[in-house]
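Trainee: Just passing along the structure, written as structure tokens.
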Amino acid sequence: MVNLIQWNARGLRHKTLAKDSFLKADIVAIQETFLTPSVNFALPNKILYRTDRHNSPSGGLLIGINKTFSSHLVNLQLPPSEVEVQAVRIVIDSKSILIINVYSPHGHFESSFLENLYASLSPPFLIVGDFNIHHPILGSLRTSRSANVVLDWISTHNMCILNTSDPTYFKQGCHPSLLDLSICSPDLLYEIKWTVYNDTFDSDHCPVEISFNYGNTKGASVRRRIHWGKFGTSLNSILDRENDIHSVQSFEKLCNQEKHNNTLIQDMFSKKFPPWWSSECSYLLGQKRKFLRLAKQSRFNPYWNRAKHIAAKLRKLIIHLKRSYWDTLCDNAGSSKTSFRIIRSLRSRDIPQQNAHRLILLEGSNLTSPLGQANAFGSMFGSSPISEGIPLDFSGTATPMDSEFSIRELLQSLPKKLNGSPGSDGITGRMLRCLTLVNLKKILGLVNKIWLSGNIPPSWKHSVIIPILKPGKNASELKSYRPISLTSVLCKTTERMICRRLTDFFLKENIFHPHHFGFLPFRSCESLQMMFFNTLLKARSNKEYIIAASLDISSAYDSVWPDGVVYKALQIGLSGHTARWIHQFLTNRTLQVRWSGKLSASFTSNRGVPQGCCISPYLFTIYLHDVFEIIPPGVTCLIYADDIFIICSDPSLQNVKTKLQITIQKIQIWCQNWKLKLDPTKSTVVNFSNKRQTPNFQISVDNVYIPWSNNMKVLGIFFSANLSFNCHFNYVAKKALKRLGYLRALGGSNWGANTVHLLRLVNACIRSICEFGAHVTSYAGSTSWRKLEVVHHNCLRFAAGLPRWTPIPVMFAETGEIRLRDRSLALSISFLLRHFALGDNFSPIKKSNLCTLDGLRPSFKERFSGGTNWLNFLKDANVRIENFIPFVYPVELQKENTISIHTNDLPFQQSQIPYPTLCKLFDEYVNKEWNSSILIATDASKGEEGVSLAALNITYNRTLTLKLHPMNSVFTAEGCAILIAIERFIQEADKSYILCSDSLSVLKSLESLHRKSPTISLQIGSAIIRAITRSAAIKLVWVPAHVGITINEQADEAARAARISDVNIYPCISTEDLRKVIFRVKADQGRIQWESTKYFPSFSHLPKTTKTPLLPRRKEILLTRLRTRSLPTKAILFKVGLESSPLCRQCGIVDSNDHLLLSCTVFEQLRNNLRASLGIGALHYNWICTISTFNRRACSAVLHFLQSTNLF
């Protein structure tokens, strides 16, 4: 069924609701579009053919065709006439039909014109449009001049009119009539259904929908939506009746059955309205259609005015909702998901999506069948197994890793992404999230049964592979695709629990080499980049030859030897039970390939680790961990996943050559032994030496030379041979400018997002890629950074609407941003602070002593100022490295029965209870439950005098007060107070201790400690574990603050008093707080630099202003340029060469912004009106800028003055 909509729109650009209705039509034919050639207009999934008027804003035709149909414009040879005609031929399944769109402004038709039109037609055809003719046959009360001519023309050529008696034209004061005609050739008559919409969509014509069967067109697309509330209720009720879940297969069957029972099948276009639509819009739309229907029944009645009033109210509401929706979207644009979705939408607006490649080459022949292509992919991905085996010994003593999983581990491992793609079993993450805690425990029992027995269900070992084309690869070659596996969500949940245990094992046993990065805590790509850069830097400082090689392993994940992985897992100390489970998981796997809507046959795979499984990166890391055993002394090897980087340095070039070749040969032999293969064509060698003598030798792999290059890409950063990063900056600048081009679509002069939202989008989409690798690129010189800073300046000018002649300091003051290089230095310092807090045990950067650039020559420290900048920051902040609160591995306080944390389960912890009652409840609870325990209270205080803490032993009447470094936050101070109280006051083994604190955030963080918890929380957790050995029990209790509870008030008073008294200083500082302070310091430095510039006296109002929200883009730009004195007056245009004189023609003095606003005689009357609107006698430029920002009425008056000058 093909759907066509014809409509006289009376202006198409702002008909939002009508455009939503067009989405479900295959063909749209619009008259009176009011579009001009300079206006961009698009409809999703439609190819548009437009005929615009060049000399008039009225008129215009448009035909939109579904992109799945083949179509082309037909050139009709017609005599000159005021009638607009447009023809498009459409081919649907080898059948063609001609669509003719007609609009006659006055209904005047000549017989010769109509005969020429018919002579140009060939059946089948469909003529639609606004003919503007009146005739009693068409429901009118009169006959227009050309009506009989048109009707005779239709009758003479045996054409068919599809219209019924339903009128299509409605206007207040006029009789409803049928001006929009639909005419077809006789062969289409019995295939067509013709209906009129019951809404004009703010036009005076109703749209007409024409449906006809033509070709083998598909029916309406449908989507299936699960009613998750009913699904969860039904599934839980069935599981509640069962004592246990017997097998994975029964659970899968039950989930799929309930999914089928609770699935709603809907038309894809049943959602008629956009995402910002509200129930109020639906109500107003219904009222509008109701009164419009009543108005159609009579020529004169009060319903017309009522319908117009409701339509105007609906339009205003739509404008408000669209703006609010856009504001919310921009507020969330800081997340990478939202920002990249915006970029992707803007990109697809200009670059249409291409259909999937339909041609695959296999052994020189072309595969065109989707099923044949899917089977070809499956045959390739299901590679031949390795016949050689390794004797594996799975015997051994059980370890804590082999124990059953707890419910806490399951809850932590449940999928966070609810709508992720399911595996072959059809179970999604949301299905598991729908289960109650009781039923989740039943799922846990099933998982533990599988874990302890080692019998993995077949559905857990089955993968549905989606081939993803690698960037820049030939789409017709099988090897150009990366196999991404969709596996069972329940299996992935089990994998996450195993991965958590593996991570704990790796960190506690310190399994991996410090130079092994990736998929491990504190071993990020930034760490490898910093290690790589500092290794080069120290070798250059020692005046050595340095040559680095990056090696690529061909199809690394797909070539892993399962027996080899298990063998190495046993070698590093994993228990036999865990190793056996991994072996069962990797062997005898099955896969199917989904390609172009087809599912291939099933293939068996006994090689590789499935890409898409949670445990695969960990297994690959284990597989490569022993590479470092073959690396010769004096050679640095860095590994991240399957990327291997070799750095050789030596005073002798010959020694460097020998070391490098030997190292690569050893790695090649290692790869051959473990069934991997190096790809020399994807590897590179770079000479990073600062020497005149250049190497003239070649490095080979399998007798194939590795190419030399001037740049090496290290996990996203291009390292130039001279360490200038010029190549990286050029690449990032080009990428950033491309994104800026996409974002310009959101900042047009007539309509666009406001400055605050554009700045947020620029920072999320563009500034983020400029700052990537700042921990390394910040060491580059200011000349290299200037390339990115120019791009950043262009982005800020675009967001604020400022012209190029705006001074850069003024631009930064207006936007409130700081220089890109200053931000990069702050990010670099933050990176180093984080690694220093980790200490030698967890940070390879700190362990190798590369953060301080020790051993570098002074000239190198000056050139690469990133290291000295961070040391200078510590010096200025009066912070010593040894006072950092160190990172400790998180402990699980919940496992200890004698440790408890109470935040909301005690009677006095309810916030709705009045204060006096809370105090009484607290005293009663202490006397009743804790009368034999030792009571401790802590608190902290922060003010202008500094930061202090107090710990009170209420039972023994002891008080301890200390000061902290002023950069510590209140959170850190509260945590330090608890930490000191635990260390100093908990000493008696037979006593129970009650530690009261009013810091709910600190106690909440202690409830679930993890590796990303604040270091002070980790220290408290470790101190509690130590203290429980010298006490009977420890309870941490939250006490409401400032409600009159005696012990809390005493602790608060002691902490406040310590802030202004001379007490000892506790030597600790949180690196998390320091990292927050860095950006504040950089902003303060930028403000000081701004106040010292020559522009500050004239623009002193800029830092104090805030942007006026919800102004049209053009008006906001006008106010911004007024504040920044960048309105294009003659004086400014003269500076940039666009005017011959800077003088005002009327006054004879310099035509500046101040002259225009304050003294030009041409606008004296407008200036008097502005004074009257503002209620003042004398005008001052800075005052006007400030008041127009804060006061909406003053803003309107100033805008009216500027627009009335007719200059802008």
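Residue numbers are given in numbering that gives the first Met the number 0: position 761 of the sequence shown equals residue 760, and the series is strictly consecutive. Glycine included, each C-beta is placed from N, C-alpha and C at the ideal position.
Whose C-beta lies closer than 8 Å to the C-beta of residue 983 among residues of the same chain, with five residues either side of it excluded?
Mentor: 950, 959.
Trainee: What residue range is occupied by the uninterrupted alpha helix (DSSP H) comprising residue 810?
Mentor: Counting along the chain, the alpha helix (DSSP H) containing residue 810 begins and ends at 807-814.
Trainee: State buried or exposed for residue 1015, treating a residue as buried only when at least 16 other CB atoms are found within 10 Å of its CB.
Mentor: Buried.
Trainee: Going by C-alpha distance, which of 68, 114, 585 is nearest residue 94?
Mentor: Closest by alpha carbon: 68.
Trainee: Helix, strand or coil for residue 603? Go by DSSP, reduced to three states.
Mentor: Looking at residue 603 - three-state DSSP - the assignment turns out to be strand.
Trainee: By the 10 Å Cβ neighbour count, where 16 or more other Cβ atoms means buried, how is residue 262 classified, buried or exposed?
Mentor: Its Cβ having fewer than 16 others within 10 Å, residue 262 is exposed.
Trainee: Are the Cβ atoms of residue 174 and residue 145 separated by less than 8 Å?
Mentor: No, the Cβ-Cβ distance between residue 174 and residue 145 is not below 8 Å.
Trainee: For the structure I just gave you, are there three or more beta carbon pairs, one from the stretch 933-951 and one from the stretch 1005-1025, closer than 8 Å?
Mentor: Counting Cβ pairs under 8 Å, fewer than three are found: no touch.
Trainee: Within the same chain, show all residues whose beta-carbon is closer than 7 Å to that of residue 976, passing over the 5 residues directly before and after it, in chain order.
Mentor: Hits under 7 Å: 937, 938, 939, 948, 949, 950.
Trainee: Taking only three categories from DSSP, how would you classify residue 948?
Mentor: Residue state, collapsed to three classes: strand.
Trainee: DSSP state of residue 642, grouped into three classes?
Mentor: Residue 642: strand per DSSP, three-state reduction.
Trainee: Should the stretch 289-309 be called in touch with the stretch 152-172, which here means at least 3 C-beta pairs below 8 Å?
Mentor: Because the criterion of three Cβ pairs below 8 Å is met, the stretch 289-309 and the stretch 152-172 touch.
Trainee: Excluding the five sequence neighbours on either side, which residues of its own chain have a C-beta within less than 7 Å of the C-beta of residue 808, listed in chain order?
Mentor: The answer, listed in chain order, is 1089, 1092, 1094.
Trainee: If the criterion is Cβ atoms closer than 8 Å, does the pair residue 11 and residue 32 meet it?
Mentor: Contact: yes.
Trainee: Going by Cα to Cα distance, which pick from 109, 66, 75, 101 is closest to residue 91?
Mentor: Checking every option, the nearest Cα to that of residue 91 belongs to 66.
Trainee: Apart from the five residues just before and just after residue 435, which ones in its own chain have a Cβ nearer than 6 Å to its Cβ?
Mentor: Cβ neighbours of residue 435 beyond the five flanking positions: 235.
Trainee: Between the C-alpha atoms of residue 784 and residue 325, what's the straight-line distance to the nearest angstrom?
Mentor: Near 34 Å, if we compare the C-alpha coordinates of residue 325 and residue 784.
Trainee: Under DSSP, the beta strand (DSSP E) around residue 461 begins and ends at which residues?
Mentor: Note, residue 461: beta strand (DSSP E), 461-468.
Trainee: With a 10 Å radius around its C-beta and 16 neighbouring C-beta atoms as the bar for buried, classify residue 561 as buried or exposed.
Mentor: When all chains shown are included, residue 561 counts as buried.
Trainee: So the alpha helix (DSSP H) residue 779 belongs to, where does it begin and stop?
Mentor: Looking at the DSSP string, residue 779 is not in any alpha helix (DSSP H), and its letter there is neither H nor E.
Trainee: Report yes if the C-beta distance between residue 212 and residue 190 is below 8 Å; otherwise report no.
Mentor: Closer than 8 Å, so yes.
Trainee: Measure the alpha-carbon distance for residue 559 versus residue 379 and round it to whole angstroms.
Mentor: Cα to Cα, residue 559 sits roughly 15 Å from residue 379.
Trainee: Considering only C-alpha positions, which residue in the set 226, 161, 188, 202 is nearest to residue 194?
Mentor: Of the listed residues, the one whose Cα sits closest to residue 194 is 161.
Trainee: Ignore the nearest five residues each way along the sequence and tell me which others in residue 1179's own chain have a CB closer than 6 Å to its CB.
Mentor: So the list is empty, once near-sequence residues are dropped.
Trainee: Which of helix, strand or coil does DSSP assign to residue 764?
Mentor: Residue 764: helix per DSSP, three-state reduction.
Trainee: What span of residues does the alpha helix (DSSP H) with residue 1076 cover, start to end?
Mentor: Note, residue 1076: alpha helix (DSSP H), 1070-1090.
Trainee: Between the stretch 645-662 and the stretch 603-623, can you find at least three pairs of beta-carbon atoms closer than 8 Å?
Mentor: The answer is no - the stretch 645-662 does not touch the stretch 603-623, with fewer than three Cβ pairs under 8 Å.
Trainee: Starting from residue 128, follow its DSSP beta bridges and name the residues at the other end.
Mentor: Paired residues: 101, 180.
Trainee: Would you mind reading off the limits of the beta strand (DSSP E) that contains residue 991?
Mentor: Where residue 991 is concerned, the enclosing beta strand (DSSP E) stretches over 991-996.
Trainee: Three or more C-beta pairs closer than 8 Å, one from the stretch 500-515 and one from the stretch 416-426: is that the case here?
Mentor: Touching, no, given that fewer than three Cβ pairs across the two stretches are closer than 8 Å.
Trainee: With 16 other CB atoms within 10 Å as the buried threshold, where does residue 642 fall?
Mentor: Its Cβ being crowded by 16 or more others within 10 Å, residue 642 is buried.
Trainee: Can you name the start and end residues of the beta strand (DSSP E) that residue 61 belongs to?
Mentor: Looking at the DSSP string, the run of the beta strand (DSSP E) that includes residue 61 is 60-65.
Trainee: Quick one: measure Cβ to Cβ for residue 1268 and residue 360, integer angstroms, because I've assumed they're closer than 8 Å.
Mentor: It is not possible to answer for residue 1268, since the shown part of the chain is limited to 0 through 1207.
Trainee: Mind listing, in chain order, the continuous alpha helix (DSSP H) runs of no fewer than 4 residues lying wholly within the stretch 880-955?
Mentor: List check, alpha helix (DSSP H) in window: 914-928.
Trainee: Going by alpha carbons, who is nearest to residue 1078 out of 827, 229, 391?
Mentor: Of the candidates 827, 229, 391, the one whose C-alpha sits nearest the C-alpha of residue 1078 is 827.
Trainee: Let me confirm a value: residue 229 is counted as buried when at least 16 other C-beta atoms fall within 10 Å, else exposed. Which label applies?
Mentor: Residue 229 is exposed by the Cβ-count criterion.
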